[in-house]
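*Asks:* Residue numbers (the numbering used here), protein chains in the order written: chain A, 1 to 133; chain B, 1 to 339.
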Amino acid sequence: MLNFKKIRLMTKLAVYEKKDGKEDIHLSKYYKTDYVRFQTLKSIITATIGYALILALIAFYRLEYLIKNAVVLDYKLIGTYVLGFYLMTITLYGLGSIAGYSMKYDASRKKLSRYFKLLKRLEKVYNESTHES
Amino acid sequence: MMLQLLELRERVKNFYQRYDAYLLPIIKFIFAFIAFQTINKEIGYDERLKALPIVLGISLLSAFTPSAVMVLLAGVISVLHIYFVSPILSVIVIVILMILYFLFARYTPRHGYVLLAIPVLFLLKIPYVIPILLGLISTPIAMVPTSCGVIIYFLFQIIKSAVTMQINISIEDIIQLYTHVIDSFTGNRQMIMTIVIFALIIMVTYFVRKMSFDYAFEISILAGGLTSILGFLISYLVLSRSDQILSMILGTILSVGLVYIIHFFRLTLDYSGAEYAQFEDDVYYYYVKAVPKVTVTVSQVNVKHINVKKSGKREFSDPDTDETEDYDYEEEEYNNKDE
């Protein structure tokens with residue numbers, strides 16, 4: 001005989017696993033610090049790539065000037081500027097990632113705990129049905 | 001009048017529930033087709049990519065894949081079109097798109113479609129739909145992809161004008177072309193104003209929606225539209241482009257109407273979307289179609305009530321939101337049956 005209570009629980013679990021749950025379950029494999037650190041590292045790397053590309057655009061834009069004045073350029077000043085803006089970008093993205101991904105992790109944990117609550121209830125239903133039969 | 005509309009909504013809902021497995025790809029196909037055709041019309045330099053079988057093929061592909069694929073395909077096609085006339089310009093486009101992705105767009109993966117929708121809707125003269133809609137259904141974080149979309153639109157406008165410039169292969173010409181693109185890109189006041197106004201629209205719509213008075217949703221749509229009209233009015237007067245004012249006002253009114261229609265059906269379409277689940281236990285395989293219980297019978301309609309419910313918690317839907325209300329109710333029903 002079909003156990004409707006069980007089917008309903010399993011459906012809910014399956015639907016969750018298919019949608020939000022996929023990500024939540026994936027996240028739950030990490031410790032919070034590991035997850036946040038990994039994501040922050042990724043953000044910093046992509047921010048670095050983006051920064052380098054912008055730098056390349058600017059350099060190409062100023063190419064004529066750069067070539068003309070290649071000898072007399074104040075490389076120290078340029079280097080300081082480039083590095084300074086880079087550090088600012090990295091800090092911004094790093095801190096933003098730490099805050100953002102921590103929040104995301106906590107939210108997913110909350111959803112996951114509800115999922116486990118349902119799982120537990122399913123287990124109970126299972127036990128009951130095996131007792132009956 | 002209202003009753004008829006609500007009945008229509010019920011009917012649409014039932015239809016959607018029955019056929020949503022087929023409807024969703026069809027709707028996506030139509031959107032993809034419109035998007036690709038618009039791209040081809042606007043920057044269709046390569047005749048080969050404009051061939052109908054190809055457009056139909058990639059639209060079909062987009063219909064059955066996640067929306068990110070559609071955005072990616074649109075990007076690839078646009079770049080290929082530009083590559084056909086000027087490889088240099090296509091490199092510039094790729095670099096700028098990569099910057100946008102790496103620095104901004106990758107943080108809002110769920111809003112990827114906005115990047116494609118804004119340029120396309122700009123060409124259809126109703127880009128205002130997106131910020132109003134996002135203010136209504138999303139959070140202010142949606143400003144990020146919206147701004148990226150605006151930048152992409154103006155980037156392609158600049159590229160389009162740059163393509164007409166005489167292009168030779170000498171280094172000087174390339175640098176001149178490049179300088180022209182970057183100059184008109186960074187000095188584009190209209191782009192910056194559009195970004196600011198779109199961000200404002202999202203904020204206004206979002207905060208009005210969050211307020212707790214009657215018809216907050218409807219009023220927030222109107223507030224968004226009003227912000228749009230005022231903002232662009234000021235920006236066009238400052239930029240002395242008053243020829244665009246009329247089309248802007250008409251576009252905004254049309255957008256407000258469209259958003260209202262979407263809002264009217266959203267409850268229906270969003271939450272009656274059936275879920276298909278597959279699982280098994282020791283005895284059976286189950287192929288379950290789970291249909292959420294959000295029914296509004298025409299006789300006991302209360303529009304405000306539905307909205308309140310919607311704004312409450314559905315946005316970050318939990319695995320078991322409907323558990324407390326629907327679940328118990330269902331259980332009772334089944335228990336009775338058993339007895």
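Using N, Cα and C, we set each Cβ at its ideal position, and we do this for glycine too.
Of the residues that make up the stretch 275-289 of chain B, which ones have a beta carbon closer than 8 Å to any beta carbon in chain A?
*Replies:* Listed by position, the residues of the stretch 275-289 of chain B near chain A (Cβ gap below 8 Å) are 275, 277, 278, 279, 281, 284, 286, 288.
*Asks:* Would you list the one or two residues that DSSP bridges to residue 206 of chain B?
*Replies:* For residue 206 of chain B, which the question treats as bridged, DSSP gives no partner whatsoever.
*Asks:* Are there three or more Cβ pairs, one per stretch, closer than 8 Å when the stretch 72-90 of chain A is compared with the stretch 19-33 of chain A?
*Replies:* No, the stretch 72-90 of chain A is not in contact with the stretch 19-33 of chain A.
*Asks:* Out of B:265, B:205, B:40, state which residue places its alpha-carbon closest to the alpha-carbon of residue 160 of chain B.
*Replies:* Checked all of B:265, B:205, B:40; the closest Cα to residue 160 of chain B is B:40.
*Asks:* Work out the CA separation of residue 127 of chain A and residue 137 of chain B for me, nearest whole Å.
*Replies:* Each residue's Cα considered, the two are about 42 Å apart.
*Asks:* Rounded to a whole number of angstroms, what is the C-alpha to C-alpha distance between residue 21 of chain A and residue 44 of chain B?
*Replies:* Each residue's alpha carbon lies about 42 Å from the other.
*Asks:* In this structure, how does DSSP classify residue 70 of chain A when only helix, strand and coil are distinguished?
*Replies:* Reduced to three states, the DSSP call for residue 70 of chain A is coil.
*Asks:* Consider the Cβ of residue 64 of chain A: report whether some Cβ of chain B lies at a distance smaller than 8 Å.
*Replies:* Interface residue, yes.
*Asks:* What would DSSP say about residue 51 of chain B, mapped onto helix, strand or coil?
*Replies:* Three-state DSSP puts residue 51 of chain B in coil, outside helix and strand.
*Asks:* Helix, strand or coil, according to DSSP, for residue 287 of chain B in the structure here?
*Replies:* Three-state DSSP puts residue 287 of chain B in a strand.
*Asks:* Return no unless some Cβ of chain A is closer than 8 Å to the Cβ of residue 26 of chain B.
*Replies:* With 8 Å as the cut-off, residue 26 of chain B does not count as an interface residue toward chain A.
*Asks:* So which of B:218, B:63, B:281 has the shortest CA-CA distance to residue 256 of chain B?
*Replies:* The shortest C-alpha separation from residue 256 of chain B is found at B:218.
*Asks:* Name the chain B residues that come within less than 8 Å of residue 15 of chain A, Cβ to Cβ?
*Replies:* The contacting residues are 275, 277, 290, 319.
*Asks:* Considering Cα atoms alone, identify which of A:108, A:121, A:94, A:50 is closest to residue 38 of chain A.
*Replies:* For residue 38 of chain A, the nearest C-alpha among the options comes from A:94.
*Asks:* Tell me, please, which residues DSSP counts as bridged to residue 279 of chain B.
*Replies:* Paired residues: B:286.
*Asks:* Based on Cα-Cα distance, which residue from B:106, B:189, B:127 lies nearest to residue 145 of chain B?
*Replies:* Residue B:106 is the option with its Cα nearest to residue 145 of chain B.
*Asks:* Can you tell me whether residue 97 of chain B is buried or exposed? The criterion is at least 16 other CB atoms within 10 Å of its CB, across all chains shown.
*Replies:* The residue is buried, with at least 16 neighbouring Cβ atoms inside 10 Å.
*Asks:* Shorter than 8 Å from the beta carbon of residue 47 of chain A to some beta carbon of chain B?
*Replies:* So yes, residue 47 of chain A belongs to the interface.
*Asks:* Which value, in whole angstroms, describes the spacing of the CA atoms of residue 6 of chain A and residue 122 of chain A?
*Replies:* C-alpha separation (whole angstroms): 7 Å.
*Asks:* If distances are taken between C-alpha atoms only, which option among B:141, B:35, B:224, B:250 comes closest to residue 73 of chain B?
*Replies:* The residue with the shortest Cα to Cα distance from residue 73 of chain B is B:35.
*Asks:* Below 7 Å CB to CB, which residues in the same chain sit around residue 123 of chain B once its five sequence neighbours on both sides are set aside?
*Replies:* Answer for residue 123 of chain B: 38, 42, listed in chain order.
*Asks:* For residue 182 of chain B and chain A, any beta-carbon pair shorter than 8 Å?
*Replies:* Residue 182 of chain B counts as touching chain A.
*Asks:* With a cut-off of 8 Å, does the C-beta of residue 10 of chain A fall near any C-beta of chain B?
*Replies:* Chain B, which has a Cβ nearer than 8 Å to the Cβ of residue 10 of chain A, makes this yes.
*Asks:* When DSSP labels each residue in this structure, what does residue 188 of chain B get in the three-state scheme?
*Replies:* Coil, per DSSP.
*Asks:* Identify whether residue 20 of chain A lies in helix, strand or coil by the three-state DSSP scheme.
*Replies:* It is helical.
*Asks:* Out of B:27, B:28, B:102, B:60, which has the shortest C-alpha to C-alpha gap to residue 50 of chain A?
*Replies:* Comparing Cα-Cα distances from residue 50 of chain A to each of B:27, B:28, B:102, B:60, the minimum goes to B:102.
*Asks:* In terms of alpha-carbon separation, which member of B:265, B:258, B:291, B:289 lies closest to residue 128 of chain B?
*Replies:* Here the closest residue by C-alpha is B:258.
*Asks:* Measure the C-alpha to C-alpha separation of residue 173 of chain B and residue 164 of chain B and round it to an integer number of angstroms.
*Replies:* Going by the C-alpha atoms only, they are around 13 Å apart.
*Asks:* Quick check: the Cα distance between residue 69 of chain B and residue 143 of chain B, rounded to an integer number of angstroms?
*Replies:* Cα to Cα, residue 69 of chain B sits roughly 22 Å from residue 143 of chain B.
*Asks:* Looking at the structure shown, is residue 104 of chain B part of a helix, part of a strand, or coil, going by DSSP?
*Replies:* The answer is coil: DSSP assigns residue 104 of chain B none of H, G, I, E or B.
*Asks:* So residue 197 of chain B packs on residue 235 of chain B, CB below 8 Å; how close in whole Å?
*Replies:* Sure, about 6 Å apart at Cβ, within 8 Å.
*Asks:* Can you have a look at residue 117 of chain B and say buried or exposed, based on whether 16 or more other CB atoms are within 10 angstroms of its CB?
*Replies:* So residue 117 of chain B ends up on the buried side.
*Asks:* Return the CA-CA distance between residue 225 of chain B and residue 205 of chain B, expressed in angstroms with no decimal places.
*Replies:* Spanning the two alpha carbons is a distance of roughly 9 Å.
*Asks:* Taking Cβ-Cβ distances shorter than 9 Å, what residues in chain B pair up with residue 50 of chain A?
*Replies:* Those within 9 Å of residue 50 of chain A in chain B are 98, 99, 100, 101, 102, 103, 104.
*Asks:* Between the alpha carbons of residue 125 of chain B and residue 95 of chain B, how many angstroms are there, rounded?
*Replies:* So the alpha carbons of these two residues sit roughly 27 Å apart.
*Asks:* Comparing C-alpha positions only, which one of B:290, B:281, B:289 sits nearest to residue 2 of chain A?
*Replies:* Taking only the C-alpha atoms, the option nearest residue 2 of chain A is B:281.
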